Amino acid sequence: MPGMLASAWDRVCRLSPLYFDWIQVDPSTRVITASPLHPAARYGNAWMGQDLPFSVFTRLEPVLERTRNVFLHGWGDPFANPSFFTMVRICKEHRCTVSTATRGRLLEAADCDHIVAAGIDQISFPIDALDDATSRERTGFSLDQTVAVIRMLQEAKRRVNSSLPVIDVRYTLTRSRLDEVYGLPAFLESLGIESAIVTTPAFVPSAEMADECLVPRRPEQLRWLISHLDRLFARGLDHGVVIRYFVLSPGKKRLACIENVTESLFLGADGRISPCAAGQLPVRGDVAQWYLGKETSYQPIVFGSLAESELAEIWHSKAYRKFRQPFYWNRLSQRCEHCLTPFRVYG
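Numbering (the UniProt record's numbering), first residue to last: 1 to 347.
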């Protein structure tokens with residue numbers, strides 16, 4: 001009987017149209033930063049910089065009308081893909097909410113006008129420092145250039161009296177910049193930005209970077225870090241901005257993942273389908289990652305290629321269904337055993 005019920009359930013699922021809370025699309029893995037915190041810096045020549053072929057992206061169209069949100073960003077700068085704005089147009093035609101993220105290195109004033117006209121709903125600007133010299137030292141990229149792009153985008157919104165896109169900042173918090181982060185509220189206020197997220201890196205590429213990535217080793221370290229960020233939140237309110245945070249906990253692993261893998265997926269720049277971005281680093285060959293005090297082999301989680309198969313065929317494949325099954329019961333798949341995401345806490 002259990003086998004018959006499972007078979008009947010599979011048939012019902014295959015006949016039902018696919019619905020997604022979100023789809024994350026990686027338009028390009030070409031990285032516009034030299035930050036040592038980015039996996040590309042760790043993996044060097046193993047990193048594969050490429051753009052998602054537009055012909056592969058269009059294979060998502062049958063499900064976009066039943067998808068709430070599309071996140072057009074991944075491991076690189078999405079604006080490196082020459083088809084980026086066409087992808088946005090297609091998503092908006094299907095009434096999807098569209099978000100993206102960029103450091104702004106590839107954007108000029110005309111691009112900012114295009115962003116507003118395209119109807120992009122939200123755009124995030126990752127930053128690693130609050131002064132230009134440190135930003136150049138850490139990432140090889142000018143903070144002043146990012147600030148200039150944000151100001152151009154704000155002006156483009158004002159010219160057409162648009163509230164979109166909503167602009168926020170993603171600040172990467174590291175051990176060497178713990179004190180600097182208290183300058184974030186004034187920085188945001190000066191740019192007219194009302195919200196930001198402070199995160200410690202969720203992917204630690206090497207043991208050498210673990211301390212800099214602020215991975216607490218004891219509960220008291222986590223309590224201190226959270227109190228530090230709670231004070232930042234209070235200071236942000238004084239400046240009229242809301243600053244949330246995500247940090248890693250050394251405590252018990254979450255039973256459930258904050259990624260909604262039963263109603264979402266990740267389309268990589270090479271056309272492959274994964275449950276989330278962490279499941280598909282664009283690397284060739286075997287690479288290592290740091291996990292709770294030890295170096296382990298990175299294991300991708302991929303279930304097929306959209307360039308070769310229809311999305312429904314991939315989604316309903318036996319391997320993908322088996323992977324998702326524990327998540328329906330708020331459990332993790334065994335294939336996620338070396339992922340740090342379930343250790344994240346937020347406030």
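Cβ atoms here follow ideal geometry from the backbone N, Cα and C, with glycine treated the same way. Every value quoted in this text rests on a predicted model; they were computed, and no experiment measured them.
>> For S274, list the residues DSSP reports as bridge partners.
In response: As a working mapping, residue 274 is identified with position 274 in the sequence shown. According to DSSP, which records beta bridges pairwise, S274 is partnered with F266.
> Tell me which same chain residues have a C-beta within less than 7 angstroms of the C-beta of L173, skipping the five on either side of it?
Replying inline: On the sequence shown, residue 173 is found 173 positions in, with the first residue counted as 1. Excluding sequence neighbours, L173 sits near V181, V198, T199, T200, L214.
>> I'd like to know whether the C-beta atoms of A34 and T102 end up nearer to each other than 7 angstroms.
In response: As a first step, residue 34 is located in the sequence shown; it is residue number 34 there, counting from the start. As a first step, residue 102 is located in the sequence shown; it is residue number 102 there, counting from the start. The Cβ atoms of A34 and T102 do not sit closer than 7 angstroms to each other.
> Is it the case that the Cβ atoms of D21 and N260 are separated by a distance below 7 angstroms?
Replying inline: Within the sequence shown, residue 21 is the residue found at index 21, counting from 1. Within the sequence shown, residue 260 is the residue found at index 260, counting from 1. Contact flag set, yes.
>> Buried or exposed, going by whether 16 or more other CB atoms sit within 10 Å of the CB of P2?
In response: Within the sequence shown, numbered from 1, the residue matching residue 2 stands at position 2. Confidence at P2 is low in this model, with a pLDDT of 48, below 50, so its placement is unreliable and the value that follows should be read with caution. P2 sits exposed, since fewer than 16 C-beta atoms from the chains shown fall within 10 Å of its C-beta.
> Which two residues bound the contiguous alpha helix (DSSP H) that contains S227?
Replying inline: Looking up residue 227 in the sequence shown gives position 227. Residues 219-238.
> With C-beta atoms as the reference, is A156 less than 7 angstroms away from C91?
Replying inline: Mapped onto the sequence shown, residue 156 falls at position 156. Mapped onto the sequence shown, residue 91 falls at position 91. Going by C-beta atoms, A156 is not nearer than 7 angstroms to C91.
>> Check for me: the alpha helix (DSSP H) holding V149 runs from which residue to which?
In response: As a first step, residue 149 is located in the sequence shown; it is residue number 149 there, counting from the start. Its alpha helix (DSSP H) spans residues 143-159.
> residue 359: which of R235, G271, E108 sits nearest, CA to CA?
Replying inline: A question about residue 359 goes unanswered here, because the residues of the chain that appear run from 1 up to 347.
> Can you tell me the Cα-Cα spacing of A288 and S206, whole angstroms?
Replying inline: Taking the sequence shown and counting its residues from 1, the one referred to as residue 288 is at position 288. Taking the sequence shown and counting its residues from 1, the one referred to as residue 206 is at position 206. The alpha-carbon atoms of A288 and S206 are separated by roughly 8 angstroms.
> Out of curiosity, what's the CA-to-CA distance linking A234 and G285?
Replying inline: Taking the first residue of the sequence shown as 1, we reach residue 234 at position 234. Taking the first residue of the sequence shown as 1, we reach residue 285 at position 285. Taking the straight line joining both Cα atoms gives about 46 angstroms.
> So, helix, strand or coil for G128, using DSSP?
Replying inline: If you number the sequence shown from 1, residue 128 lands on position 128. The question names Gly, yet the displayed sequence has Asp at residue 128. The answer is coil: DSSP assigns D128 none of H, G, I, E or B.
>> Which of the three DSSP states is assigned to Q50 in this structure?
In response: Here the question's residue 50 lines up with position 50 in the sequence shown. Coil, per DSSP.
>> Three Cβ pairs or more, each shorter than 8 angstroms: is that satisfied between the stretch 63-77 and the stretch 23-31?
In response: By the Cβ rule, the stretch 63-77 counts as touching the stretch 23-31, because three or more pairs are nearer than 8 angstroms.
> Rounded to a whole number of angstroms, what is the C-alpha to C-alpha distance between V283 and D238?
Replying inline: Looking up residue 283 in the sequence shown gives position 283. Looking up residue 238 in the sequence shown gives position 238. Taking the straight line from one Cα to the other gives about 43 angstroms.
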